[in-house]
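First comes the structure, then the notes that go with it.
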């Protein structure tokens with residue numbers, strides 16, 4: 112298991128768990144990042160928002176907020 | 003239903019689902035924008051007629067879910083519970099169906115009739131996705147209609163689905179979803195103790211899953227209806243559940259995935275950024291490209307604005323000859339002055355402004371519709387979120403260097419009312435084009451080669467002003483607990499729907515004309531009353547008397563009564579201030595509203611200033627004028643965009659006071675230096 116924020120550009124994985132404060136969890140769930148969902152890392156540069164692709168959607172995420180998203184990296 | 007043959011449709015969808023485009027296309031010029039009672043959330047309503055029936059369309063606030071995390075979500079829930087809507091149209095994005103059906107899943111369990119609109123079917127088709135709407139319809143039990151805003155034929159499908167939903171009172175079938183919920187520990191037990199009718203329109207299933215998600219208002223409502231013993235059971239279940247939102251979310255997406263299985267085919271494509279998006283998301287190039295886009299947009303918006311500006315300037319040439327003629331034929335001077343000075347001059351001002359509002363609304367509305375504004379938002383989100391703003395707010399800020407009212411018009415792409423008002427409030431601190439014409443001139447007169455230092459000081463004060471104002475206003479407009487870091491999707495690019503966009507822009511411009519004219523006329527009338535004299539002698543005007551009366555106070559911030567009147571004139575328009583100074587110091591000409599707004603400065607202006615105003619006083623005047631209310635039309639535009647007289651007044655008074663305080667600070671610093 113590894114963190115979403117540690118995934119390399121081009122890597123693919125499945126969300127294992129999501130945690131954080133209630134508002135963050137509610138919002139991240141409504142945008143589709145729930146356990147079991149496939150994610151590919153599009154862009155992950157230091158001090159920049161990360162860009163992931165999931166459920167046919169390009170999603171930009173604040174790096175700090177999503178430090179609590181755990182992944183199972185598959186490729 | 004509000005009356006015979008009158009139906010209410012509520013539009014429900016996530017941001018970027020194309021809800022506003024649909025709303026504009028359906029209602030066109032028949033829109034009313036206001037605020038939800040007592041809330042800082044925009045309320046949009048419109049109507050259309052079709053086959054002798056009238057349809058009221060309520061555009062519910064764009065939210066990602068129906069939880070209770072924000073005012074927007076609570077308003078949406080309360081509206082649905084109020085029973086005002088006969089049918090709810092739920093929007094989903096066909097190109098991102100699995101993600102955007104979350105709203106439908108969150109709606110499941112609500113008993114108000116609904117139908118599903120699969121928007122952006124053209125984008126989905128381009129991506130090689132085919133969606134079997136009929137199969138979805140069978141599974142869901144409600145009309146499902148593919149829709150593409152730029153396609154005229156799409157609308158027939160929409161109207162048919164709407165009528166089917168109304169006639170059949172079609173309700174969403176959520177039995178499969180409920181089976182999934184049943185696997186969540188405690189769900190069935192919870193559902194069984196919830197009585198009927200806790201909130202009208204919301205089933206026990208919906209209430210139970212919200213309680214599992216830890217939804218505070220729902221839990222409170224349920225508790226009201228429970229026996230003491232059951233309250234304990236409820237509390238026990240809720241405490242035992244960890245991460246209720248995630249667990250419920252998993253069920254919802256499992257349901258969505260099952261729903262789409264066999265109904266959606268797509269060519270497997272690997273995800274990657276397009277060429278342009280690679281540029282926009284680049285560390286350095288991103289900001290440059292976005293700023294270039296905004297300035298490009300600003301230039302473009304001048305093209306549709308020019309004809310308006312020409313007409314407006316033409317009108318402004320009327321008052322002088324006309325008043326001569328009218329006085330010549332024996333019209334009372336007071337009527338001539340009222341008509342020429344106030345009415346014609348104000349109309350000229352407003353028409354010129356309209357051109358800019360029209361251009362900005364059109365160009366930036368277009369950028370929003372094709373999906374470019376989302377990229378702007380992405381690039382500047384980190385910097386803007388420090389003020390609690392969206393990345394998009396950078397656009398109105400940049401426009402405000404040219405013109406504050408253009409900036410205000412640009413804020414309409416910001417979908418959150420509090421953030422919109424905050425953006426306008428902050429953009430007032432940015433000196434506009436007119437200020438940049440006046441300030442370097444005054445700086446050079448008083449400080450010669452040191453003028454660039456003054457300009458630099460102004461820029462530094464501007465940044466501090468924005469920070470402090472952002473902090474003060476932000477606490478009320480964008481509550482810190484409602485702010486979060488960026489979680490946003492970059493939507494695919496769309497083709498614009500020109501008809502809907504133009505109809506919307508024209509409607510908006512008409513609206514602005516009516517509201518702005520009212521504000522401008524009112525303020526101008528007050529100034530006219532204050533400056534009116536029978537004989538043209540300044541000393542007989544109320545303004546002069548007022549200036550003299552408060553001079554002991556304005557002296558404290560380094561302003562003589564002449565400077566103070568110029569300061570007041572600069573809140574009508576910065577250009578007028580220099581003319582007023584010329585007039586007051588040469589004791590020539592008549593102080594009228596016309597001269598307040600557009601007087602010429604004297605030929606020996608430089609000598610006049612140096613002879614009458616000391617350098618510290620000059621510094622005070624420069625800062626007072628720069629950070630004063632941008633102009634009367636900016637005030638009107640602020641009222642138009644915020645549709646809040648209260649916040650417009652607060653912003654206006656705040657800026658006037660702060661400008662005087664800054665003038666005082668500049669004066670005393672000036673006294674120390676010079």
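Protein chains in written order, with my numbering: chain A, 112 to 186; chain B, 3 to 676. Note that CB positions come from ideal geometry on N, CA and C, so glycine has one too. A quick note: this is a predicted structure, and the numbers were derived from the prediction, not measured.
In this structure, DSSP gives residue 182/A an extended state, which the three-state scheme calls strand. In this structure the region 424–442 of chain B lies against the region 462–471 of chain B, because at least three pairs of beta carbons, one per stretch, are closer than 8 Å. For residue 180/A, not one C-beta of chain B is nearer than 8 Å to its own C-beta. With a 10 Å radius around the Cβ and a threshold of 16 neighbouring Cβ atoms, residue 175/A comes out exposed.
For residue 610/B, no chain A residue has a C-beta closer than 9 Å to its own C-beta; the minimum C-beta separation is roughly 54 Å. For the region 133–150 of chain A, the set of residues with a beta-carbon nearer than 8 Å to any beta-carbon of chain B comprises 133, 134, 135, 136, 137, 138, 139, 140, 141, 142, 143, 145, 146, 147, 148, in chain order.
Under DSSP, residue 129/A shares a beta bridge with 180/A.
Within chain A, the residues whose beta carbon sits less than 7 Å from that of residue 488/B are 160, 171, 172, 173, listed in sequence order. DSSP lists no bridge partner for residue 148/A.
Residue-level contact by beta carbon fails for residue 127/A and chain B, as no gap is shorter than 8 Å. With a threshold of 8 Å between beta carbons, residue 156/A makes contact with chain B. Under the Cβ distance rule, residue 168/A counts among the residues neighbouring chain B, one pair being separated by less than 8 Å. Collapsing the DSSP output to three states places residue 551/B in a helix. In the three-state reduction of the DSSP assignment, residue 215/B falls in the coil class, being assigned neither a helical nor a strand state. In this structure, 445/B is the residue among 360/B, 197/B, 445/B with its C-alpha nearest to the C-alpha of residue 460/B.
Residue pairing by DSSP leaves residue 449/B without any beta bridge partner. For residue 132/B, no alpha helix (DSSP H) run applies; the uninterrupted beta strand (DSSP E) run containing it begins and ends at 131–133, by DSSP. If you draw a straight line from the Cα of residue 31/B to the Cα of residue 508/B, it is about 8 Å long. Identification of chain A residues near residue 100/B by a Cβ-Cβ cut-off of 8 Å yields 143, 166, 167, ordered along the chain. Per DSSP, the unbroken alpha helix (DSSP H) holding residue 564/B starts and ends at 563–572. In summary, residue 146/A is buried, with 16 or more beta-carbon neighbours lying within 10 Å of its beta-carbon over all protein chains present. Residue 476/B has a beta carbon lying at 8 Å or more from every beta carbon in chain A. Residue 114/B has its alpha-carbon roughly 36 Å from the corresponding atom of residue 395/B. Ranked by Cα distance from residue 553/B, the first of 566/B, 81/B, 541/B, 543/B is 566/B. Close partners of residue 383/B in chain A (Cβ separation under 9 Å): 160, 171, 173. Across the structure, residue 482/B and residue 416/B are spaced so that their CA atoms are roughly 18 Å apart. Residue 394/B: not part of any alpha helix (DSSP H); DSSP gives it neither H nor E. Counting along the chain, no beta strand (DSSP E) covers residue 109/B; the unbroken alpha helix (DSSP H) around it starts and ends at 104–109. In the DSSP assignment, residue 91/B falls outside any alpha helix (DSSP H) and within the unbroken beta strand (DSSP E) covering 89–95. Nearest C-alpha to residue 485/B among 16/B, 71/B, 364/B: 71/B.
Among the residues of the region 484–510 of chain B, those with a Cβ less than 7 Å away from any Cβ of chain A are 486, 487, 488, 489, 490, 491, 492, in the order of the chain. Interface annotation for the region 57–82 of chain B against chain A: 66, 67, 69, 71, criterion Cβ-Cβ distance under 7 Å.
Contact between residue 639/B and residue 518/B holds, with the beta-carbon distance rounding to 7 Å and staying under 8 Å.
Beta-bridge partners assigned by DSSP to residue 171/A: 162/A, 490/B. Leaving aside the five residues that flank residue 259/B on each side, the residues in its chain whose CB is nearer than 7 Å to its CB run, in chain order, 100. Contact of residue 117/A with chain B is not assigned, every C-beta pair being separated by 8 Å or more.
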